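Trainee: Below is one structure. I have some questions about it.
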Amino acid sequence: MKKTLLVLAIVLITPSSHAQDEDRKGLGISALLGGSICMESGDAECTGIDTSFGFTVGPVYRLHKHVGIGLDFLYGMYGTDVEGTDAYNMGLMVGPKGFFPIGALDLYAGIGLGWMRAAVTSDLGDASADGFGLGILAGFEYRVVNNLALGLMFRMNFNFADEVCIEFGGDERCTKTDVANNVMVGAGVSVYF
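The working numbering puts the first residue of the sequence shown at 274, with every later residue one more than the last.
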């Protein structure tokens, strides 16, 4: 077992001809597919909300092998215990990413700022909360070939909206309250041009 782990570690950290440092700059596009998990915040509970599918997609521009900036559209959907009711979380965030290359492997971490929406839709009416969003992410990607990388990512998205607006029968009412946040975990792919 120890020999297998040692061989795997050597393969992952050994620089390969298709993942040289000078190739780690420029424009790319990244996507993540995985699970979307409701995260309670203050008075906002996740009771009756099931983990479901989520994704992020967006361009990334690597200014240097260690520094990049990304623009991410994210969408996480949830199942609920109430028939005819769905919930989702979405956002658009921009921010810096730090990359730490080790051979063909890139560890990364980043932060995103932008807009977030948490919403529930049902046959009776809809509720939504739009506000400032903060995303914190970390993960890794492994360069399979020069312009293609596969990896895993963990992302926490915080919605700082301070009110929820409910639309029912053409009327809309807004009330001050806490809003649930979102965690995404999944596998990703990045293509660099």
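C-beta atoms are modelled at their ideal positions from N, C-alpha and C, and glycine is treated no differently.
Remember, predicted model here, so these are calculated numbers, not experimental data.
Quick one: Cα of Gly315 to Cα of Asn420, how far?
Mentor: 43 Å
Trainee: Quick check on the burial criterion: 16 or more other C-beta atoms within 10 angstroms. Buried or exposed for Val418?
Mentor: exposed
Trainee: Among all the DSSP beta bridges, which residues are the ones paired with Glu356?
Mentor: DSSP lists no partner for Glu356.
Trainee: Check whether the Cβ atoms of Glu356 and Ala453 lie closer than 8 Å to each other.
Mentor: Going by C-beta atoms, Glu356 is not nearer than 8 Å to Ala453.
Trainee: With a Cβ-Cβ cutoff of 8 Å, do Ile310 and Val456 count as a contact?
Mentor: Closer than 8 Å, so yes.
Trainee: With DSSP as the reference, please indicate the residues paired to Cys438 in a beta bridge.
Mentor: The beta-bridge partner set that DSSP reports for Cys438 consists of Ser401, Cys447.
Trainee: Since Ala304 and Thr329 are thought to touch, with beta carbons under 8 Å apart, how far apart are those beta carbons, to the nearest angstrom?
Mentor: At roughly 7 Å, the Cβ-Cβ gap stays under 8 Å, so Ala304 and Thr329 are in contact.
Trainee: State yes or no: is the C-beta of Met426 within less than 8 Å of the C-beta of Gly385?
Mentor: no
Trainee: With DSSP collapsed to three states, give me the class of Cys319.
Mentor: coil
Trainee: Could you name the residues that DSSP lists as bridge partners for Arg428?
Mentor: Leu410, Met457
Trainee: Going straight from the alpha carbon of Leu423 to that of Val333, what length do you get?
Mentor: Straight-line Cα distance between these residues: approximately 15 Å.
Trainee: Short of 7 Å in beta carbon distance, which residues of its chain neighbour Val464, apart from the five on each side in sequence? Order them along the chain.
Mentor: Gly301, Ile302, Asn420, Leu421
Trainee: Look at the alpha carbon of Ser289 and the alpha carbon of Ala402, and state the distance between them as a whole number of angstroms.
Mentor: Low confidence applies here, because Ser289 scores a pLDDT of 47, under 50, leaving its location unreliable; read the following figure in that light. If I take the Cα positions, the gap works out to 47 Å.
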